[in-house]
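Each residue of the sequence shown is one higher than the one before, counting from 0 in numbering that gives the first Met the number 0.
Working notes, beginning with the structure itself.
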Amino acid sequence: MAIVFEGLSDKYQSLLNTAREAMTRAYVPYSNFQVGAALLDSDGRIHYGCNVENAAYGPTNCAERTALHRAIADGRRPGEFEAIAVMGDTEGPIAPCGVCRQVLVELCSPEMPVVMGNLQGSWVIRTVSELLPGAFTPASLDSKPNT
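What follows is the structure, given as structure tokens:
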């Protein structure tokens, strides 16, 4: 049964519910903390992501990065994304970690919506640039230090 997110557009409600479905696919034998993501591309295709844990912890991958990497592997190019939804069983709407925010900056438009929700129907939307102001971007590599 779909979760109702009051006041949220049908498009984003659907995306959050797809992220909830992706959550159920998470491999989380250590934390038991499932996170799902649904990335909408410019052609209307949805790329699923879930967190995948590893006993060594470092190789663990978050749901957001899984969706973004999967979309790139499926042939999408950076900037070809309309929105990403993230879902978790948290008190408030779940937010991407810092590493995921950096990957969002690299692969998405600064104005792309990030729709964050939880299983109780709470939600918030922020843009990529709002989630990581002053981000290190590819343009940062072009800057030369003052001499």
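A virtual CB, placed ideally from N, CA and C, is assigned to each residue, including glycine.
Since this is a predicted model, take the numbers as computed values, not measurements.
- To the nearest angstrom, report how far apart aspartate 141 and glycine 133 are at their CA atoms. Within the sequence shown, residue 141 is the residue found at index 142, counting from 1. Within the sequence shown, residue 133 is the residue found at index 134, counting from 1. Straight through space, the alpha carbons of glycine 133 and aspartate 141 are spaced by roughly 15 Å.
- Query: With 16 as the cutoff for other CB atoms within 10 Å, does glutamine 119 come out buried or exposed?
  - Reply: Residue mapping note: residue 119 aligns to position 120 of the sequence shown, counting from 1. The residue in question, glutamine 119, is exposed, as its Cβ has fewer than 16 Cβ neighbours within 10 Å.
- Query: From Ala25, Asn117 and Leu106, pick the residue whose C-alpha is nearest to that of phenylalanine 135; which is it?
  - Reply: Here residue 135 is taken as the residue at index 136 of the sequence shown, counted from 1. It is Leu106 whose Cα lies nearest to the Cα of phenylalanine 135.
- Query: Residues in its own chain within less than 6 Å of leucine 7 by CB, not counting five upstream and five downstream?
  - Reply: Within the sequence shown, the letter at position 8 stands for residue 7. Same-chain partners within the cutoff: Trp122.
- Query: Below 8 Å, can you find three or more Cβ-Cβ pairs linking the stretch 67 to 75 to the stretch 88 to 95?
  - Reply: Contact fails: fewer than three Cβ-Cβ distances are below 8 Å.
- Query: Can you list, in chain order, the residues of its chain whose CB lies under 8 Å from that of methionine 111, leaving out five sequence neighbours each side?
  - Reply: The residue given as residue 111 occupies position 112 in the sequence shown. Excluding positions up to five away in sequence, the list reads Phe80, Glu81, Ala82, Ile83, Leu103, Thr126 and Val127.
- Exposure label - valine 34; buried when at least 16 CB within 10 Å: Position 35 of the sequence shown, counting from 1, holds the residue named residue 34. Looking at its Cβ environment, which holds 16 or more other Cβ atoms inside 10 Å, valine 34 is buried.
- Message: Give the list of continuous beta strand (DSSP E) stretches no shorter than 3 residues that lie fully inside the stretch 22 to 80.
- Response: 34 to 40 and 45 to 49
- Around the C-beta of glycine 48, are 16 or more other C-beta atoms found within 10 angstroms, so that it is buried, or is it exposed? By 1-based counting over the sequence shown, the position of residue 48 is 49. That one is buried.
- Going straight from the alpha carbon of tyrosine 56 to that of proline 28, what length do you get? On the sequence shown, position 57 is the one that residue 56 refers to. On the sequence shown, position 29 is the one that residue 28 refers to. When rounded, the distance between both Cα atoms is 11 Å.
- Task: Can you give me the start and stop residues for the alpha helix (DSSP H) that glycine 97 sits inside?
- Result: For this step, residue 97 is matched to residue 98 along the sequence shown. Element bounds for glycine 97: 97 to 106.
- Query: Between Val114, Pro109, Gly116 and Ile124, which lies nearest to alanine 138 when the distance is taken from Cα to Cα?
  - Reply: Taking the first residue of the sequence shown as position 1, residue 138 is located at position 139. Nearest option by C-alpha distance: Pro109.
- Nearest to asparagine 31 (by Cα), restricted to the options Ala37, Leu39, Ile124 and Met22: Against the sequence shown, residue 31 aligns to sequence position 32. Ranking Ala37, Leu39, Ile124 and Met22 by Cα distance to asparagine 31 puts Met22 first.
- DSSP state of valine 127, grouped into three classes? Stepping through the sequence shown from its first residue, residue 127 is reached at position 128. If DSSP states are grouped into helix, strand and coil, valine 127 belongs with the helices.
- Name the two residues that bound the continuous beta strand (DSSP E) containing valine 3. Mapped onto the sequence shown, residue 3 falls at position 4. Looking at the DSSP string, valine 3 is not in any beta strand (DSSP E), and its letter there is neither H nor E.
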